[in-house]
Amino acid sequence: MVRPLRFLWRVLGRRYPRVVIALWYQTAFLVALGGVGLLTLYQDMSAGEFWTIVAVAEALTLTEILLATTVAFRLLRPADPWLRGGRRPEDAPAAWAALVSLPLRALSYRWFFAVPVNLVPIAVVITWFLDLEWYSVAILVGGSAVVVAYGVLLRFFGLELVLRPVLEQVARDLPARARVEGTRVVPVRWRLLVALPAINVITGVVVSALSTTGSAELADLGFDVVVAVVVAFTLSLELSILLSRSILGPLGDLRRATEEVARGDLTVRVPVLSTDETGRLSGAFNDMVAGLEEREALREAFGSYVDPELADRVLTEGAVLEGQEVEVSVLFLDIRDFTAFAERSTATEVVAELNGFFEVVVPVLVAHGGHANKFIGDGLLGVFGAPDRREDHADRAVCAALEMATRVRETYRGRLRIGIGVNSGPVVSGTVGGGGRLEFTVIGDPVNTAARVEQLTRETGDDLLITEATRVLLTRAPVGFEPRGTVALKGKSERVEVHAPVISATRAGADRAVPPATALGS
Numbered sequence: 123m124v125r126p127l128r129f130l131w132r133v134l135g136r137r138y139p140r141v142v143i144a145l146w147y148q149t150a151f152l153v154a155l156g157g158v159g160l161l162t163l164y165q166d167m168s169a170g171e172f173w174t175i176v177a178v179a180e181a182l183t184l185t186e187i188l189l190a191t192t193v194a195f196r197l198l199r200p201a202d203p204w205l206r207g208g209r210r211p212e213d214a215p216a217a218w219a220a221l222v223s224l225p226l227r228a229l230s231y232r233w234f235f236a237v238p239v240n241l242v243p244i245a246v247v248i249t250w251f252l253d254l255e256w257y258s259v260a261i262l263v264g265g266s267a268v269v270v271a272y273g274v275l276l277r278f279f280g281l282e283l284v285l286r287p288v289l290e291q292v293a294r295d296l297p298a299r300a301r302v303e304g305t306r307v308v309p310v311r312w313r314l315l316v317a318l319p320a321i322n323v324i325t326g327v328v329v330s331a332l333s334t335t336g337s338a339e340l341a342d343l344g345f346d347v348v349v350a351v352v353v354a355f356t357l358s359l360e361l362s363i364l365l366s367r368s369i370l371g372p373l374g375d376l377r378r379a380t381e382e383v384a385r386g387d388l389t390v391r392v393p394v395l396s397t398d399e400t401g402r403l404s405g406a407f408n409d410m411v412a413g414l415e416e417r418e419a420l421r422e423a424f425g426s427y428v429d430p431e432l433a434d435r436v437l438t439e440g441a442v443l444e445g446q447e448v449e450v451s452v453l454f455l456d457i458r459d460f461t462a463f464a465e466r467s468t469a470t471e472v473v474a475e476l477n478g479f480f481e482v483v484v485p486v487l488v489a490h491g492g493h494a495n496k497f498i499g500d501g502l503l504g505v506f507g508a509p510d511r512r513e514d515h516a517d518r519a520v521c522a523a524l525e526m527a528t529r530v531r532e533t534y535r536g537r538l539r540i541g542i543g544v545n546s547g548p549v550v551s552g553t554v555g556g557g558g559r560l561e562f563t564v565i566g567d568p569v570n571t572a573a574r575v576e577q578l579t580r581e582t583g584d585d586l587l588i589t590e591a592t593r594v595l596l597t598r599a600p601v602g603f604e605p606r607g608t609v610a611l612k613g614k615s616e617r618v619e620v621h622a623p624v625i626s627a628t629r630a631g632a633d634r635a636v637p638p639a640t641a642l643g644s
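Here the sequence shown stands for residues 123 to 644, numbered as in this note's numbering.
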């Protein structure tokens, strides 16, 4: 049934909702005809009387259809910008809300029209036309209510069906994580508890009418309606409740589990209580959450070996990140005289010392938006501005370097010294490697220069040196810088000007163990 409707949606386009609604409403004519036919089983009438009553019933039905169609078209107006405006994503939430709530809102208007347009007029006309007793109006209203209830259910579920192709397309255009609030809905519980008893009433009246031997009277119609209603809302209701619970129980478990997953709990599971569709759905949900849990564990493990931001980007974009030329600031850090410590210590002590040291400096790097690109023995290569672009990469790198130097002094009290070199410039960033092994890195002269500048700290006695290329990019440096001259670096044809932070008198006293800085020849 849905496939032909999807075809009509592709053919009719924006006209589809109004066309199918108007066509589906025509089923009310068949319902009215069936209702009059049902009446003939309880009330004798001539062919002329039958067709006269049919004409009146269909005329009243036409009036109701015109009113209901007008209302439905008005309810569709919020969806028109999406239907007629190129199906823009920004119009999708309003269109979705209008379409998904239309069956229920149209249903409420149907009952509003039913009493003045259908139930009372047709009962009065039949009573007068067939010259029945006055109390027959009440019996005919009850019988007509059964017919109208059938038409209401047919219209409601039919509208949901014919609008499905449009809703499928609108749902694809909804923005990611969109939450459409304020829509009127019919919970599954009420669908079952209302629809099933109503179907039982309709079925009971029809079966009772068809089982008559021609001796039934109009009073029997009233009796049949009352009996069908009593049975439907007593004996049948208990079965309806049990059926609804068998469906709603697993659905409730799934809803609560979904909310837990949305809050970040990937350990939640739902019990599989049956082998039907709800059981298979619960099992599929558990498999999905288990996959998400494995993915999260992989992401956390991956993030332990590479920068968490890089891990997220790889999981989103794939393993291969195309090379891009970007301007970055490179921070190169090294522990001074660590080789001597390693020679007189065990391997376990060396690893423990390095891990403790990196626990001090790496959080500082990350807090300032840096990426821990490589751990090179007792050294660290940090990058600011890649893989995530940052306009203030130089400020971030210098602030991180200053805080690292301070943290190391406060933590180790002169027992361990570091040197940091910072340089800025254009590099190529991306993944390199082969044989199934890849790593994200930055390649370019600024990286080599940062490493050479770090080596100069051993000659000047400074904890931190930055190049002129970095200094000119600073906009909010927390300290001043003084020149240390220009130097020739291995592999570079031009000399590089370097600068050191100006240490206050108070801080200089605290750092008495640091040898006085010396200027390099220019």
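Just so you know, even glycine gets a beta-carbon here, dropped at the ideal spot from N, CA and C.
Who does V327 pair with in a DSSP beta bridge? Along the sequence shown, read from residue 1 onward, the residue named residue 327 stands at position 205. Paired residues: none, contrary to the question.
Alpha carbon to alpha carbon, how far is A441 from I565? Indexing the sequence shown from 1 puts residue 441 at position 319. Indexing the sequence shown from 1 puts residue 565 at position 443. In this prediction, A441 scores a pLDDT of 44, lower than 50, which makes its location untrustworthy; the coordinate-derived value is nonetheless stated afterwards. A441 and I565: Cα-Cα distance of roughly 18 Å.
Identify whether F235 lies in helix, strand or coil by the three-state DSSP scheme. Taking the first residue of the sequence shown as 1, we reach residue 235 at position 113. Three-state result, F235: helix.
Taking only runs of the alpha helix (DSSP H) that begin and end inside the stretch 148-176, which ones reach a length of at least 4 residues, in chain order? 149-162, all fully within the stretch 148-176.
Pair every Cβ in the stretch 225-244 with every Cβ in the stretch 318-334, then say whether three or more of these pairs are closer than 8 Å. no
Suppose contacts are defined by Cβ-Cβ distances below 8 Å. Is V448 in contact with F506 by that definition? As a position in the sequence shown, residue 448 is number 326, starting the count at 1. As a position in the sequence shown, residue 506 is number 384, starting the count at 1. No, these two residues do not count as a Cβ contact at 8 Å.
Could you give the DSSP three-state label for T389: helix, strand or coil? One-based indexing of the sequence shown puts residue 389 at position 267. Coil at T389, not helix or strand.
So, for S654: in the same chain, excluding its five sequence neighbours on each side, which residues have a beta-carbon less than 7 Å away from its beta-carbon? Here the chain covers residues 123 to 644 and nothing more, so residue 654 does not appear.
Between V349 and the rest of its own chain, which residues show a CB-CB distance below 6 Å, the 5 nearest in sequence each way excluded? Position 227 of the sequence shown, counting from 1, holds the residue named residue 349. So the list is empty, once near-sequence residues are dropped.
First and last residue of the uninterrupted beta strand (DSSP E) at T589: Counting from 1 along the sequence shown, the entry for residue 589 is found at position 467. Where T589 is concerned, the enclosing beta strand (DSSP E) stretches over 586-589.
Less than 8 Å between the beta carbons of T191 and I261, yes or no? Sequence index remark: in the sequence shown, residue 191 carries index 69 (1-based). Sequence index remark: in the sequence shown, residue 261 carries index 139 (1-based). Going by C-beta atoms, T191 is not nearer than 8 Å to I261.
Should the stretch 536-546 be called in touch with the stretch 568-587, which here means at least 3 C-beta pairs below 8 Å? yes
Which two residues bound the contiguous alpha helix (DSSP H) that contains D456? For the purposes of this step, residue 456 is taken as the residue at position 334 of the sequence shown. For D456, there is no enclosing alpha helix (DSSP H); the enclosing beta strand (DSSP E) has its first and last residue at 446-457.
Pick out the complete alpha helix (DSSP H) segments inside the stretch 232-271, 4 residues or longer, and give them in chain order. 242-251
Opposite T563 in the DSSP bridges: which residues? The residue you call residue 563 lines up with position 441 of the sequence shown. Its beta-bridge partners are G552.
Given A591, which residues of its chain have a CB within under 7 Å of its CB, disregarding the five upstream and five downstream residues? As a working mapping, residue 591 is identified with position 469 in the sequence shown. N545, S546, G547, listed in sequence order.
Can you tell me whether V575 is helix, strand or coil according to DSSP? Within the sequence shown, the letter at position 453 stands for residue 575. V575 falls in the helix class under three-state DSSP.
I need the DSSP call for P623, collapsed to helix, strand or coil. In the sequence shown, the residue the question calls residue 623 occupies position 501. Strand, per DSSP.
Let me know the beta strand (DSSP E) ranges lying completely inside the stretch 492-546, each 3 residues or longer, listed in chain order. 493-498, 501-506
In the structure shown, what three-state DSSP assignment does V394 receive? As a working mapping, residue 394 is identified with position 272 in the sequence shown. Reduced to three states, the DSSP call for V394 is coil.
Do you know how far the Cα of A599 is from the Cα of V520? In the sequence shown, the residue the question calls residue 520 occupies position 398. In the sequence shown, the residue the question calls residue 599 occupies position 477. Between V520 and A599, the C-alpha separation is close to 7 Å.
Taking the beta carbon of G208 as the centre, do at least 16 other beta carbons fall within 10 Å, making it buried, or is it exposed? Working through the sequence shown from its first residue, we reach residue 208 at position 86. With fewer than 16 other Cβ atoms within 10 Å, it is exposed.
Can we say the stretch 199-215 touches the stretch 167-180, given the rule of at least three CB pairs closer than 8 Å? no
Could you tell me the distance, in whole angstroms, from the CA atom of A412 to the CA atom of S366? As a working note, residue 412 is residue 290 in the sequence shown. As a working note, residue 366 is residue 244 in the sequence shown. Cα to Cα, the separation comes out at about 29 Å.
Rounded to whole angstroms, what is the Cα-Cα separation between L130 and T183? The sequence position of residue 130 within the sequence shown is 8, counting from 1. The sequence position of residue 183 within the sequence shown is 61, counting from 1. C-alpha separation (whole angstroms): 27 Å.
Take the Cβ of L332 as the centre, count every other Cβ of all protein chains shown within 10 Å, and call the residue buried at 16 or more, exposed below. Taking the first residue of the sequence shown as position 1, residue 332 is located at position 210. L332 should be labelled exposed.
Specify, as a first and last residue, the run of the alpha helix (DSSP H) that R294 falls within. Mapped onto the sequence shown, residue 294 falls at position 172. Taken as a continuous stretch (DSSP letters only), the alpha helix (DSSP H) holding R294 covers 286-295.
My understanding is that L161 touches L197, with C-beta atoms under 8 Å, so please give their C-beta distance in whole angstroms. In the sequence shown, the residue the question calls residue 161 occupies position 39. In the sequence shown, the residue the question calls residue 197 occupies position 75. Not really, about 33 Å apart at Cβ, beyond 8 Å.
Just the C-alpha distance for L202 and P126, rounded to the nearest angstrom, thanks. Residue 202 sits at position 80 when you count from the first residue of the sequence shown. Residue 126 sits at position 4 when you count from the first residue of the sequence shown. At residue 202 the sequence reads Asp, which differs from the Leu that was named. Going by the C-alpha atoms only, they are around 23 Å apart.
Top-ranked residue by Cα proximity to L373, from Y138, R227, A622, V394: Counting from 1 along the sequence shown, the entry for residue 373 is found at position 251. Nearest C-alpha to L373: V394.
Could you give the distance in angstroms between the alpha-carbon of R277 and the alpha-carbon of L229? Residue numbering aside, residue 277 sits at position 155 when the sequence shown is read from its first letter. Residue numbering aside, residue 229 sits at position 107 when the sequence shown is read from its first letter. Going by the C-alpha atoms only, they are around 8 Å apart.
Following the continuous beta strand (DSSP E) through E604, name the residue where it begins and the one where it ends. Locating residue 604 in the sequence shown gives position 482, counting from the first residue. It spans 603-609 - the beta strand (DSSP E) in which E604 sits, taken as one unbroken run.
Let me know the secondary structure DSSP gives V594 once reduced to three states. Taking the first residue of the sequence shown as position 1, residue 594 is located at position 472. Three-state result, V594: coil.
Count the CB pairs spanning the stretch 268-282 and the stretch 148-156 that are closer than 8 Å, and state whether there are at least three. yes
Can you check which of these residues, R535, H621, T528, R385, is closest to L587 by C-alpha distance? Working through the sequence shown from its first residue, we reach residue 587 at position 465. Nearest option by C-alpha distance: H621.
Going by the beta-carbon positions, is the gap between L487 and F454 smaller than 8 Å? On the sequence shown, residue 487 is found 365 positions in, with the first residue counted as 1. On the sequence shown, residue 454 is found 332 positions in, with the first residue counted as 1. Taking 8 Å as the cut-off, the beta carbon of L487 is found no closer than this to the beta carbon of F454.
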